Each structure stands twice: as structure tokens, then as C-alpha cells.
């Protein structure tokens with residue numbers, strides 16, 4: 001029996017080693033492929049350069065960073081209140097049975113391939129922005145113009161895509177708040193709204209924060225859907241109605257035709273993405289540590 | 297217990313290794329075979345891909361012992377694949393660049409393709425000069441009224457950097473500027489929407505009012521309106537006669553280790569039967 005345990009232990013060790021090795025290999029590959037351009041072009045010029053013209057030898061990715069951050073921020077602005085509201089509604093107000101139905105429907109959203117979201121955005125959201133939202137904006141600012149391919153379109157689609165993440169993790173952690181918390185709050189004379197905002201949400205905050213960080217990671221990494229609807233204009237967007245290019249979209253779009261140096265620049269974008277994700281993860285872990293381990 | 301587990305592991309290991317070997321072995325090794333046996337891998341431009349597939353299908357019908365595999369990846373990938381010997385033939389939708397000449401042993405023009413300038417159906421303009429197209433794509437002209445249309449801002453739609461279609465279009469229209477040192481700069485306006493495929497450009501131009509884009513001649517359909525260039529319609533005859541200015545070659549490139557099988561395939565593609573297929577696919581035969 002003991003030898004069997006040992007063997008299983010070794011197998012599990014190999015599994016752990018393989019996944020760690022995969023991360024290490026990918027990291028080494030990305031860094032070694034992207035490093036030449038970072039070195040010859042300069043890290044500062046690369047990150048803060050405003051011109052992305054790879055065929056002309058200009059590799060400034062500031063417009064792409066701005067595009068990614070704009071789309072992600074927009075998605076979070078739309079997605080967090082919606083997702084959180086939805087989670088509270090499911091956990092606190094709806095009967096268990098109907099809540100399960102709603103939750104299943106929302107989790108189904110996570111199973112839709114991103115290219116389908118992209119086509120939906122292309123066929124529905126882009127024209128809606130051009131024909132309905134643009135005229136509204138033009139009433140305030142007559143100079144506004146938009147083809148519909150915009151940061152806003154990307155943000156809306158991404159908001160829908162990150163909903164399942166926010167809703168299911170937040171809902172779990174809200175449901176995990178002990179019943180006594182609610183009872184104590186109500187016994188002290190607080191009404192339902194006060195109980196939710198002052199007692200339950202603070203108690204579930206660690207789970208909620210981690211859902212938001214995970215959602216942000218998904219939004220930054222999403223490629224296909226955004227590629228189809230943001231217009232891929234390598235320019236710093238001045239308003240939500242402007243087109244923008246994202247880091248991931250640019251990699252996906254240009255990789256196939258790229259000359260060696262261009263390709264190296266695309267890998268260098270991968271390095272920047274990698275760094276952004278690592279920073280985000282560290283922030284997430286710091287938040288978890290600070291608020292303690294009460295997660296779902 | 298221990299013995300059983302070990303045997304199992306060993307069996308699994310043997311299985312994985314043999315599968316892996318089989319996977320590796322099935323690829324190349326066509327070099328020593330006769331010309332009517334073996335396999336040919338073509339990789340490269342996605343513009344050439346549909347044509348290569350059609351030619352490959354016909355070729356395999358008449359040569360059942362040959363398998364021809366067609367992969368995409370882009371013109372740059374075409375060069376890379378023959379450099380790294382992943383493919384026997386690289387497909388390019390542009391001329392071979394000077395810096396690529398070193399890795400190319402031989403090149404064969406298989407067909408020609410015109411790039412058509414398309415606009416949304418609500419645009420009233422029917423004819424543009426190369427100069428006007430250049431000014432629109434560099435952002436100098438930003439309103440349709442400057443080229444005889446309505447007073448509406450132009451929405452410019454372009455392909456992604458590095459695309460063969462974009463390369464052909466920008467070079468011929470002069471959007472790609474060369475300075476005295478021979479350094480090329482793509483002057484496409486930053487206000488252009490960028491779409492990553494021919495289909496996406498058509499879809500965007502078809503659904504966005506006041507927009508202009510460019511697609512391969514073989515991909516034209518009635519979802520968009522095609523404009524004349526310098527008064528010449530974008531048709532096969534006009535490309536072949538050289539009257540229609542925006543056109544490009546489809547080129548097969550090989551490295552110095554071309555197999556007989558690959559050679560026979562290229563001879564087929566550039567020969568009478570291959571050229572007929574070129575024509576059937578909406579491209580322009582060259583021989």
C-alpha cells in the first residue's frame with residue numbers, strides 16, 4: 001500500500017511539474033521572442049510611443065494600451081453594477097428555485113464562443129450605436145461622429161461576456177454570508193436595503209473583489225469579439241464613440257502576415273500583456289490577504 | 297500492485313511515443329519519392345489559399361498517390377515555411393521582397409489578382425482616380441463632396457498592417473511612400489477602420505454608410521458597390537490588359553530542396569489545366 005501511495009504521489013508531482021513547466025516555457029518563449037525589439041527600440045519608446053506603424057518600423061504601443069484600458073474600463077463600468085445587482089437579486093430576493101433557473105441562464109453566457117459575441121456586436125451593437133446613440137450624442141455635441149465601431153461597442157460586448165464571472169462568484173460569496181448576520185442586522189431594526197448594503201456586501205467583499213479581478217482579466221485578454229467591433233484604429237481614443245485597437249486584437253490580426261521584426265514586436269506586446277496580468281494578479285492577491293480568506 | 301501500475305505506465309509511455317513518431321513521420325520524406333507519389337505542403341497567403349485548394353483538388357484527382365495540403369498563414373508565413381522547411385511551396389500574394397530573396401530558390405507566377413475599390417451603396421461617386429484614392433487613404437480628402445459626391449465625411453476601411461492585399465493596394469496607389477533612401481512608409485490615415493479579412497472589409501463597407509474599402513477582385517459581390525479606377529472598370533480583361541492599375545501577382549516560391557512532387561505540382565498549376573482552374577476561381581491566368 002505504501003508503495004502505491006508513493007507512486008501516486010510521484011504522478012501528482014509530475015502533473016504539478018508539467019503545468020508549472022508549461023508556464024515557464026511560455027514565459028521564456030514570449031520573452032525571448034519579444035526581447036530583441038524591446039532592446040533595439042527601447043522599452044520606453046515601445047510603451048509610450050504614439051505611433052504603431054509596424055511596416056514603417058514604428059512600434060509605439062501607447063494607442064493599443066489606451067484602447068485595451070478604455071475597452072476594459074468601459075466593460076467594468078457597465079458590467080460591475082449590473083453583475084453585482086444581479087448577484088444580490090439572485091441571492092437575497094429571488095426564491096431559491098427561480099434563482100437557480102436565472103443563474104443557469106447567466107452561466108450559459110459563459111459557454112458562448114467569443115466569435116459569436118463578435119458577430120452579434122457587428123450585426124447589432126455597431127449599427128445601434130451609429131443610428132441611435134450617435135444622434136443622441138450629437139444633440140449635445142454636434143461635431144461628434146462615429147462609424148459605430150467603437151470603444152463603447154467593445155465595452156458593451158465585454159460587459160456581457162464578463163457577467164457570468166461576476167454574477168456567479170459574487171452570488172456564491174453573498175450566499176455564503178452566515179444567516180446570523182442577516183438576522184442580527186434585522187433584529188437591530190435595519191431594513192432589507194440597509195442589511196444588504198451595510199452588512200452582507202461588506203461581509204462578502206473578498207469574493208466580490210476576486211470576481212471583479214477575474215472579470216478584468218477576462219476583459220483584457222479577450223481578443224476575437226473585440227477585434228470584430230472596435231474598428232482596430234491604432235489611435236488613442238478621445239471618446240467612447242471613437243474606434244480603438246487593443247493589444248490582443250493587434251497581435252491576433254497582424255501575426256499571420258508579419259515580417260520577423262514585426263513578429264518580434266507582437267511578442268513584445270505579449271510581454272507587456274504578461275506584465276499587466278501579473279500586476280493585476282498581485283493586486284488581487286493583496287486584496288484577498290487584506291480582507292481575509294472568507295471566499296466562496 | 298506496484299508491478300501492475302508500472303506495466304500500465306510503461307504501456308502508456310510506449311503508446312505515446314509511437315503515436316508521436318507516427319505524427320512526425322507522416323510529414324516530409326517526399327524528396328526521394330517519384331514525382332507522382334508523396335505529399336506536397338503549400339503554406340502562405342490566405343488570398344492564394346482558395347485557389348491553391350482548388351488546384352490541389354484537381355491535381356489529386358488525376359494523381360491519386362499524391363496528397364497536397366494547403367495551409368494559410370499569410371504571405372510572410374509562406375516565406376517562413378519554406379525557410380524552415382515546414383512546407384514545400386510558399387504562396388505569396390505579392391512580389392518577393394528583396395530581403396526575402398535569399399531564402400527563395402525559385403519563384404513561379406501562378407495567377408494575377410486585381411484589387412477592387414468598393415464603397416457603400418449609398419455613395420454616389422462612380423469613378424475615382426489613383427490620386428483621389430491615395431488622398432482618401434492618406435486622409436487628405438475626408439469628405440465625399442471633394443470627389444463629386446454628397447457632403448458626407450468618408451469612413452475609410454483598410455486591412456491590417458502586413459496584409460498582402462493592403463501591401464498591393466498601398467504600393468500601387470502610392471499610399472506607401474518611398475523616400476530617397478528607399479525607406480517605405482505606409483501613409484494610411486490613422487482614422488481608418490482596420491478589418492482583418494476580406495470578408496470583414498466587405499461586411500463593414502456594406503453596412504457602414506459613406507464608407508470606402510478595398511477587396512480582392514475574386515471576392516466581389518453585390519453587397520458593395522465597385523467604383524471605376526481612372527475610368528476603368530475592375531474586370532478580369534482590364535487587369536490582364538494592364539489597363540486596370542490596382543493588380544498583384546500570386547506567386548509560388550520554393551527553397552533549394554524542391555521535391556519532384558512539388559515540382560510536378562507547380563508545373564500543373566502553371567500549365568493549361570491549372571490555369572483553367574485559376575480562371576474558374578475568378579482570378580486571372582498568366583500563361
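Residue numbers (our numbering), protein chains in the order written: chain Z, 1 to 296; chain G, 297 to 583.
Beta carbons are placed, not taken as given, at the ideal position from N, Cα and C, and that holds for glycine.
These numbers were taken from a predicted model, which means no experiment stands behind them.
Asked, Found
"From Z:105, Z:150, Z:53 and Z:95, residue whose alpha carbon lies closest to that of residue 121 of chain Z", "Z:150"
"Residue 235 of chain Z at chain G interface by Cβ criterion, 9 angstroms", "yes"
"Pair within 9 angstroms by beta-carbon distance, residue 506 of chain G and residue 449 of chain G", "yes"
"Test item: CB-CB of residue 580 of chain G and residue 407 of chain G under 9 angstroms", "yes"
"Where residue 286 of chain Z falls, given that 16 or more other Cβ within 10 Å makes a residue buried", "exposed"
"Proximity test, Cβ basis, 9 angstroms: residue 126 of chain Z and chain G", "yes"
"Where residue 581 of chain G falls: helix, strand or coil (DSSP)", "strand"
"In DSSP terms, what residue 284 of chain Z is bridged to", "According to DSSP, which records beta bridges pairwise, residue 284 of chain Z is partnered with nothing at all."
"Coil, strand or helix - residue 403 of chain G by DSSP", "strand"
"Neighbour list for residue 488 of chain G in chain Z, Cβ cutoff strictly below 8 angstroms", "233"
"Residue 10 of chain Z to residue 105 of chain Z span [Cα, whole Å]", "41 angstroms"
"Beta strand (DSSP E) segments (min. 3 residues) lying fully within the segment 457-501 of chain G", "472-474, 480-482 and 489-491"
"Rounded Cβ spacing between residue 525 of chain G and residue 415 of chain G (contact assumed at less than 8 angstroms)", "So it is not a contact: roughly 12 angstroms between Cβ atoms."
"Rounded C-alpha distance that separates residue 288 of chain Z from residue 79 of chain Z", "21 angstroms"
"Positions along the segment 240-272 of chain Z whose CB lies within less than 9 angstroms of some CB in chain G", "243, 245, 249, 250, 252, 253, 254, 255, 256, 257, 258, 259, 260, 262 and 263"
"Simplified DSSP state of residue 298 of chain G, which is helix, strand or coil", "Only weak support exists for where residue 298 of chain G lies, its pLDDT of 48 falling under 50; the value from the coordinates is given anyway. The answer is helix: DSSP assigns residue 298 of chain G an H, G or I state."
"Contacting residues, own chain, Cβ-Cβ under 6 angstroms from residue 473 of chain G (five flanking each side not counted)", "481 and 483"
"Residues bridged to residue 550 of chain G (per DSSP)", "G:402"
"Residues that residue 148 of chain Z contacts on chain G, provided the C-beta gap is smaller than 8 angstroms", "504"
"Chain Z contacts made by the segment 426-441 of chain G, where a contact means CB separation under 7 angstroms", "none"
"Any C-beta of chain B under 9 angstroms from that of residue 135 of chain Z", "The displayed structure is made up of protein chains Z and G, and chain B is not among them."
"Against chain G: residues of the segment 48-63 of chain Z by CB proximity under 7 angstroms", "53, 54, 55 and 56"
"Amino acids of chain G, ordered along the chain, whose beta-carbon sits closer than 8 angstroms to that of residue 145 of chain Z", "449"
"Helix, strand or coil at residue 177 of chain Z [DSSP, three-state]", "coil"
"Contact under 9 angstroms by Cβ, residue 227 of chain Z with residue 249 of chain Z", "yes"
"Other residues of its chain near residue 127 of chain Z: CB distance less than 8 angstroms, five sequence neighbours each side excluded", "148"
"Top-ranked residue by Cα proximity to residue 112 of chain Z, from Z:163, Z:63, Z:130 and Z:83", "Z:163"
"Candidates G:383, G:419, G:498 and G:431: closest to residue 517 of chain G by CA position", "G:498"
"Validate contact between the segment 55-66 of chain Z and the segment 192-207 of chain Z using beta carbons, cut 8 angstroms, 3 pairs", "no"
"Cβ-based contacts, 8 angstroms cut-off: residues of the segment 492-503 of chain G near chain Z", "492, 496, 499, 500 and 503"
"Proximity test, Cβ basis, 9 angstroms: residue 457 of chain G and chain Z", "yes"
"For residue 343 of chain G and residue 614 of chain G, believed in contact at Cβ under 8 angstroms, the rounded distance", "The shown model of chain G, from 297 to 583, leaves out residue 614 of chain G, and the question about it has no answer."
"Own chain, CB closer than 7 angstroms to residue 532 of chain G, minus 5 neighbours either side, in chain order", "580"
"Cβ contact check for the segment 500-515 of chain G and the segment 440-460 of chain G: 3 or more pairs under 8 angstroms", "yes"
"Reduced DSSP category for residue 3 of chain Z - H, G, I as helix; E, B as strand; rest coil", "helix"
"Spatial distance of residue 255 of chain Z from residue 371 of chain G (CA atoms)", "11 angstroms"
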